[in-house]
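A.B. asks: As given, the protein sequences belong to chains A and B, one line each in that order. Mapping of the first sequence onto the working numbering: residues -10 to 321, in sequence order. Mapping of the second sequence onto the working numbering: residues 317 to 723, in sequence order. Cβ atoms here follow ideal geometry from the backbone N, Cα and C, with glycine treated the same way. Given the structure is predicted, the values throughout are model-derived calculations rather than measurements.
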Amino acid sequence: MLTPEHIKEILNDYTINLRFHARGGQGGVTASNLCVEAFYGYGVCQPKFGAERMGSPTESYVRLSANADLVRSNEQVYGPQFVSVLDPSLLTEVDVTAGIPKGGWLIVNTEMDQLTVQDAVQRKDINIATIDATRIALDVLGRNITNTIILGALIRVSYLFTFEELSDAIMKRFKGEVAGKNIQAIKQAIEETCVYDIGIEPDFTVDSKIPWQQVSLGLPGYKDLDKAGVWYCDEDIIPVGSDQVNTGSWGEWEIIWDEETCTNCTQCWFICPDFATIRKLGDDGKYHMSGIDILHCKACLNCLNICPVQAISKRPKQGPAACALPEEGGGN
Amino acid sequence: MSIEPMKIFFKEIKEPIETAMIGNYAVAGGVTQTDPDVVCAFPITPQTQSVEGLSDVVHQGRLKAAFVNVESELAAISYSTAACAAGARTFTATASQGYLLMSEALPMAVGWRVPLTMMISARAFNSPNLSIWNSWEYVITDYGWNCIVSENVQETYDAAILSVMISDNSLFPTMFVHDGFIISHSVQKLWLTPDEVVRKLTPRKPRHTITPERPGVWGGIVTPSFFMEGRMNLDVAKKSVLNIMKNSFDEYGKATGRHYNLIETYNLDNSSKTAFITMGSMCGNIISWMTKNKDIGLIKIRAYRPFPYEELQKIVQEHNIEKLIILEKSDALNNLLPPFSTSIATALYPLNTIFRSYIVGLGGRDVTRDEFDITKRKMESVKDMKGQLYTYLGVRETKDKIFEVDR
Ligand code: SF4
Ligand code: SF4
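1. Give the residues of chain A in contact with B/R681, contact being defined as C-beta atoms less than 8 angstroms apart.
2. Find out if the Cβ-Cβ distance for the pair B/G710, A/Q203 is shorter than 8 angstroms.
3. Going along the chain, which residues of its own chain have a beta-carbon closer than 8 angstroms to the beta-carbon of B/M481, five neighbours each way excluded?
4. Looking at the unbroken alpha helix (DSSP H) that takes in A/A118, where does it start and where does it end?
5. Taking only heavy atoms of ligand 1 into account, decide whether any of them is closer than 7 angstroms to the Cβ of A/I115.
6. Starting from B/S601, find everything on chain A with Cβ-Cβ shorter than 7 angstroms and list it in chain order.
7. Give me the Cβ distance between B/S466 and B/I499, rounded to the nearest whole Å; I'm assuming they're in contact under 8 angstroms.
8. Considering just the uninterrupted stretch of the beta strand (DSSP E) at B/N462, what are its terminal residues?
9. Ignore the nearest five residues each way along the sequence and tell me which others in A/N321's own chain have a CB closer than 7 angstroms to its CB.
10. Does the distance between the C-beta of A/C296 and the nearest non-hydrogen atom of ligand 2 fall short of 7 angstroms?
11. Return the first residue and the last residue of the beta strand (DSSP E) that B/M337 is part of.
12. What do you get for A/N136, buried or exposed, if any count of 16 or more other CB atoms within 10 angstroms of its CB means buried?
13. Below 7 angstroms between beta carbons is the criterion; list the residues of the stretch 560 to 592 of chain B that meet it against any residue of chain A, in chain order.
14. Return helix, strand or coil for A/H10, following the three-state DSSP convention.
15. Using 10 angstroms around the beta-carbon of B/K505, count the other beta-carbons present and answer buried if the total reaches 16, otherwise exposed.
16. Is the Cβ of B/D372 closer than 8 angstroms to any Cβ of chain A?
17. Return the residue from the list B/S412, B/G600, B/G414, B/N385 that minimises the CA-CA distance to B/S371.
18. How close, in whole Å, do the beta carbons of B/Y706 and B/S673 come, if the pair is a contact with beta carbons under 8 angstroms?
19. Quick one: what's got a C-beta closer than 7 angstroms to B/A724's C-beta in the same chain, skipping five residues either side?
20. Measure the Cβ-Cβ separation of B/A344 and B/G377 and say whether it is below 8 angstroms.
21. Could you please give the first and the last residue of the uninterrupted alpha helix (DSSP H) stretch that includes B/K505?
22. Between A/N291 and ligand 1, is there a pair consisting of the residue's CB and a ligand heavy atom that are separated by less than 7 angstroms?
23. To which residues of the same chain is A/G237 closer than 6 angstroms at the C-beta, ignoring the five residues directly before and after it?
24. Less than 7 angstroms between the CB of A/A300 and some heavy atom of ligand 2, yes or no?
25. Taking the beta strand (DSSP E) that B/I637 belongs to, which residues open and close that run?
26. Below 8 angstroms, can you find three or more Cβ-Cβ pairs linking the stretch 42 to 52 of chain A to the stretch 4 to 13 of chain A?
27. Can you give me, in chain order, the residues of the stretch 705 to 716 of chain B that have a beta carbon less than 7 angstroms from any beta carbon in chain C?
28. DSSP has A/P297 in a bridge; who is on the other side?
29. Whose Cβ in chain A lies nearer than 9 angstroms to the Cβ of B/K505?
30. Starting from B/C356, trace the alpha helix (DSSP H) both ways and give me its first and last residue.
31. Taking DSSP's pairing of strands, which residues face A/T266 in a bridge?
32. Among the residues of its own chain, which have a CB less than 8 angstroms from the CB of B/L667, if the five just before and after it don't count?
33. Helix, strand or coil for A/R112, going by three-state DSSP, please let me know.
34. Report the residue from B/L390, B/D722, B/S443, B/W605 whose alpha carbon sits nearest the alpha carbon of A/K216.
35. Less than 7 angstroms between C-beta atoms, sequence neighbours within five positions excluded: which residues of the same chain meet that for B/D611?
36. Listed in chain order, which residues of the stretch 183 to 200 of chain A have Cβ atoms closer than 8 angstroms to some Cβ of chain B?
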């Protein structure tokens, strides 16, 4: 079990790294900002650099230390000792345990018990804490915003800052009743966090970054590339761009294509920004529309608007992205 | 709708306060404090929040500036240059393709000697692919703008104020740069300078402006009998800019306690007589890494344009630096060296310093301890200036091989 003294000692000579997984709009970046603001020493917070959309999986990172020089690095966080997951649906969608060293902590907002989480992430060498932050959020805040509440669970297992330090940071950021309710919710979270401690501590003195991990081996090298940097759709060789990303989880609409009405004019195929309208080569040697790639369709509605015969329609999507609420004061 | 981080700038800042925010909002705040008359920019990732933050303070009433929406970066720089020539304190901001689109008008702000300021959130330009992430696009062109480069959020905030001082004192436009996303979007703690101090540092000074009192032709055509004199006049005027920068840094340091230099150095009297030389956010990565690698130094270029070559020569000589490892986030498809390295090589020409240039971190690729470890090791066996002087580092050669790295 970690102790406040041990954590303090580590922070004098090393950094402690955190990562937050959320969906755009759930306030993961605010949670990491609050860590920096609540922490007594030096800290930086980076979002995962890129475009963030409401509902899309987001990551943000925090690096903390009492040594200013150590936190001066702008390198990305590769080996987080504490990872918090704000949305349980992410457990299977992204690799939330990537880089967590043996003995590190995974903190999940979920109703599931720890063993189920352990099963879902397939790691037996890390500690797990769970908190039903969604319920607390609905009870105390009256809306499903869990980004401050998960920090209660973080306090419970990490001792990086105290409840009082976090309350101060909250009061600086939010006003009056909002601040009060958030603080109340955090307090409740600290009490209600379920801790599944496997009895191993992370070794804070070694960073678990794999050498040259930033170079992403496995993707094509400079010798393998097409002359013009083009990704041809009939070749499956360059898994970059949105192909890597489940952009289908971003949008709020499910797009429905109606084969009966479609005249195969291909306008939707040309206008889709993501090749998410699928066409297939038919026996007649011509391409025919065959449906929507729901893994990548981000519901921009371009196809729906351009279709001359209303063969494309939409209906509200069920599922995780639909519950993402706008963040107080806006995130980044 | 107001943006929460800007609220701190809505009221008079009476004493130094510590806060935490992303680089872009910090710049918006710093610019607000310098009280510009005109803000005119076109939004582009990763610069956007700087302009968004400024629109917020204008909307809220804290800043009495004309916030001008335009249809492109070329319009933004043209409008800004003209506004500044008309006497307005003017700020603009851009990145990447936006900077390239500005190119046509960038030399005129220099030619007219207008004290315009511009923030750049450095981002790769599109070739062969689009990238919204960090490279040093701003080093590929040089039309005579002053340029200071920041390592972190505190520095870029300070640069917003310093640039106004430097522009006003030199009557040359100044761009200040931070690395896109890495600094523009990272939340870091920083100290804000009180408004009163900023006001004292950036007083309105009388200068040449377009005025109906004294009609004239700005930028009119000249024959071959006039053009060269104009260019040389600019060149001579540029000679004093480094001193002006230095004085501005000193004045700012005295007022805020945060002291900057044209070039900053770390641990140069080291056993290997070797130092990294680079600029921007990578310096922070190197400084962290140096806590466990004490036999190597760092030279950090803060003033990139004009290039402080005399200072660099002095530093290299005084500390007996024998080898330099240049790290640069831009490349050179045609030249012997990429642009930043070219400036350094030119400055080092009279000395016998051995160097190699490593192209790293293009398009947002992270630059880590791996790059520092390997360049340090590689440099140990470099004994002369023969062969190709630059190389890419941290690039996949094939699916399972990293170029020139034996793992
Ligand atoms: S909604 Fe947009 S992304 Fe989805 S299939 Fe239509 S055009 Fe493509
Ligand atoms: S635009 Fe409409 S009619 Fe044309 S191919 Fe697409 S779905 Fe069919």
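C.D. replies: Looking at the atomic coordinates:
1. The contacting residues are Q203, V204.
2. The beta carbons of B/G710 and A/Q203 sit closer together than 8 angstroms.
3. If we look at B/M481 and ignore the five residues flanking it on each side, its Cβ neighbours are L517, T518, S564, E567, Y568.
4. In the DSSP assignment, A/A118 falls outside any alpha helix (DSSP H) and within the unbroken beta strand (DSSP E) covering 116 to 120.
5. A/I115 Cβ: outside cutoff for every heavy atom of ligand 1.
6. The amino acid at residue 601 of chain B is misidentified as Ser; the sequence shows Asn. S62, N63, E64, listed in chain order.
7. Distance from B/S466 to B/I499 at the Cβ level is roughly 7 angstroms; contact confirmed, criterion being Cβ atoms closer than 8 angstroms.
8. Where B/N462 is concerned, the enclosing beta strand (DSSP E) stretches over 462 to 465.
9. Residue placement at A/N321 is poorly supported in this model, since its pLDDT is 30, which falls under 50; the coordinates still yield a value, given next. Excluding residues within five positions, the ones whose Cβ falls inside 7 angstroms are V18, P36.
10. Within the cutoff, so yes.
11. Bounds of the beta strand (DSSP E) holding B/M337 are 333 to 338.
12. The residue in question, A/N136, is buried, as its Cβ has 16 or more Cβ neighbours within 10 Å.
13. Close to chain A, meaning a Cβ-Cβ distance shorter than 7 angstroms, is no residue of the stretch 560 to 592 of chain B at all.
14. The DSSP-derived three-state label of A/H10 is strand.
15. Around the beta carbon of B/K505, a 10 Å sphere encloses 16 or more other beta carbons of the protein chains shown; the residue is thus reported as buried.
16. Not an interface residue.
17. Per the Cα distances, B/N385.
18. About 4 angstroms; that satisfies the 8 angstroms criterion.
19. Given a span of 317 to 723 for chain B in the structure shown, any question on residue 724 of chain B remains unanswerable.
20. If you check the CB distance, B/A344 and B/G377 do not come in under 8 angstroms.
21. Counting along the chain, B/K505 falls outside any alpha helix (DSSP H), though it belongs to the beta strand (DSSP E) covering 503 to 508.
22. Yes, since a heavy atom of ligand 1 falls inside the 7 angstroms radius drawn around the Cβ of A/N291.
23. In the same chain as A/G237, and ignoring 5 residues on each side of it, the C-beta atoms closer than 6 angstroms to its own belong to I283, L284, H285, C286, in chain order.
24. Checking every heavy atom of ligand 2 against the Cβ of A/A300, one is found closer than 7 angstroms.
25. Counting along the chain, B/I637 falls outside any beta strand (DSSP E), and DSSP gives it neither H nor E.
26. Segments in contact, yes.
27. Structure shown: chain C not included; protein chains present are A and B.
28. In DSSP, A/P297 forms no bridge with anything.
29. Residues of chain A passing the Cβ test: V25, E26, Y31, G32, V33.
30. No alpha helix (DSSP H) holds B/C356; the beta strand (DSSP E) holding it covers 354 to 356.
31. A/T266 has A/I281 as its beta-bridge partners, per DSSP.
32. Exclusion of the five residues before and after B/L667 leaves Q629, V632, Q633 as the residues of its chain whose Cβ lies within less than 8 angstroms of its Cβ.
33. A/R112 falls in the coil class under three-state DSSP.
34. The option with the nearest alpha carbon to A/K216 is B/S443.
35. Residues N586, S587, S588 of the same chain have their beta carbon placed closer than 7 angstroms to that of B/D611, with the five preceding and five following residues left out of the count.
36. So the list reads K198, P200, given in the order they occur along the chain.
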